[in-house]
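Enquirer: Here it is, the structure in full.
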Amino acid sequence: LDRGQRLRLWQKTGSGYPYLKIGACRIAAGRTRAVQTLSFVEAPGDEKEFKVHFARKGDTWTPVSAEF
């Protein structure tokens, strides 16, 4: 099996669940706010998406709220 086939088999058998998919982070124009989408996958077809909002304080990005 190639890598893609192994990954599909792993996901279909349930051995790869639960897992978290981390989406790209979008930084606002002022570079002090950002939003990142996360998806929690418990089983095939059972995916819950939420967004985490961050604020920049100095060199650190801190989560300030989340939308479920």
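In our numbering, the protein residues as written are 211 to 278. We treat Cβ as the ideally placed atom computed from N, Cα and C, and that holds for glycine.
On a Cα-Cα basis, can you pick out the residue from 233, 248 and 218 that is closest to residue 226?
Expert: When only C-alpha atoms are compared, the closest one is 218.
Enquirer: With residue 226 as the anchor, note down where its alpha helix (DSSP H) starts and where it stops.
Expert: No alpha helix (DSSP H) contains residue 226, which DSSP labels as neither H nor E.
Enquirer: Pull the bridge partners of residue 243 from the DSSP assignment, please.
Expert: Looking at the DSSP assignment, residue 243 forms a beta bridge with 265.
Enquirer: Check for me: the beta strand (DSSP E) holding residue 273 runs from which residue to which?
Expert: Counting along the chain, the beta strand (DSSP E) containing residue 273 begins and ends at 270 to 277.
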